[in-house]
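Remarks on the structure that follows.
In our numbering, the protein residues as written are 13 to 372.
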């Protein structure tokens, strides 16, 4: 495709569009490009050249032709005026079309009555005179309606203190945390621990190991701590051999492979990592144990503010939402521990606190 061929197609397409529209500026590049079958980068400059050439041809028309066109336009205007008015007398301009915009007429200035000395008013107050910005006061000088001051919201501690005063006046029990659960103390080693065993020497050694450890142990750990001359069999069969040698004593084998004394509570085996996060979790379990047992022993309705006041600084170590989330979970569990009586007022459901706390 040569440049001359494209120029000819662009000029021909633009001329056809101009004949249809009658305006040089209404010929668009997209319509010319579709007819000439050319690219945008090539058609654009050629279309500009065509428009410039056609404007030059338009300005080069003969003067006689321009005079004839002007005279013809004047005759058409005169005939239209005569047809619309019926005569040539009192010819007025033709009315504008219905959708044409007419300029807004400015209202006539109001006439003011003559002012006397008694009724004279300042110039700035006269109607119809424009006042400049200096005559207006500042926006802050405009009077505004006074709003009542918002009452200060009482703190949770103040609310708890006021409620405690009312509870004390009513003779009810205050929300005071119970003491932490004391750690399980190991029992005293006595002969009754191993008496009656099928192997009393082995039973005495095992009882001594359990009392000294203060916690339950598995067969493997007991076998490792026994003296070599008292170890029954091999380590692989330690559980079977210990059960046979301790039969008849107070030491029994419990489910899970633990050995402990019959009739004594079996301590729970909890593995802790010893990290700060694990220690903080343990402290949270201890605090919640105290809160749950206090709720169960309180015997009345309570609020979250009372618990926060009773915990004091101990609660700050766990964040602002720790207690609220704990109470919410206790209300939403399948067997709720507490229930919401009214806005902010909670009540114990009677569920045993051992169901929702960690017992060491």
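Note that the Cβ used here is the ideal one computed from N, Cα and C, for glycine as well.
- The alpha-carbon of residue 329 is positioned some 46 Å away from that of residue 204.
- Residue 95 sits in a helix when the DSSP states are folded into three classes.
- As the crow flies, the alpha-carbon of residue 189 is around 33 Å from that of residue 224.
- Here DSSP, grouped into helix, strand and coil, assigns residue 184 to coil.
- Assignment of beta-bridge partners to residue 264 by DSSP yields 272.
- Relative to the Cα of residue 16, the nearest Cα in the group 50, 38, 40 belongs to 50.
- In terms of CA proximity to residue 319, 356 leads the group 356, 222, 46.
- Residue 263 is not a Cβ neighbour of residue 300, given a cutoff of 9 Å.
- Under DSSP, residue 360 shares a beta bridge with 350.
- Contact check for residue 358 against residue 336 fails: the beta carbons are separated by 9 Å or more.
- Within the DSSP bridge table, the entry for residue 29 names no partner.
- Separation of residue 29 and residue 20 (C-alpha to C-alpha, rounded to the nearest whole angstrom) is 14 Å.
- For the set 242, 348, 361, the Cα lying nearest the Cα of residue 313 is the one of 361.
- The beta carbons of residue 217 and residue 242 sit closer together than 9 Å.
- The region 35 to 42 makes contact with the region 54 to 65, as at least three CB pairs between them are under 8 Å.
- Distance from the CA of residue 244 to the CA of residue 193, rounded to the nearest whole angstrom, comes to 38 Å.
- Collapsing the DSSP output to three states places residue 330 in a helix.
- In the structure shown, residue 228 falls within a coil segment according to DSSP collapsed to helix, strand and coil.
- With a cutoff of 9 Å on beta-carbon distance, residue 370 and residue 297 are scored as near each other.
- The Cβ atoms of residue 254 and residue 210 lie no closer than 9 Å to each other.
- Following the DSSP letters along the chain, one finds residue 298 inside the alpha helix (DSSP H) bounded by residues 288 to 310.
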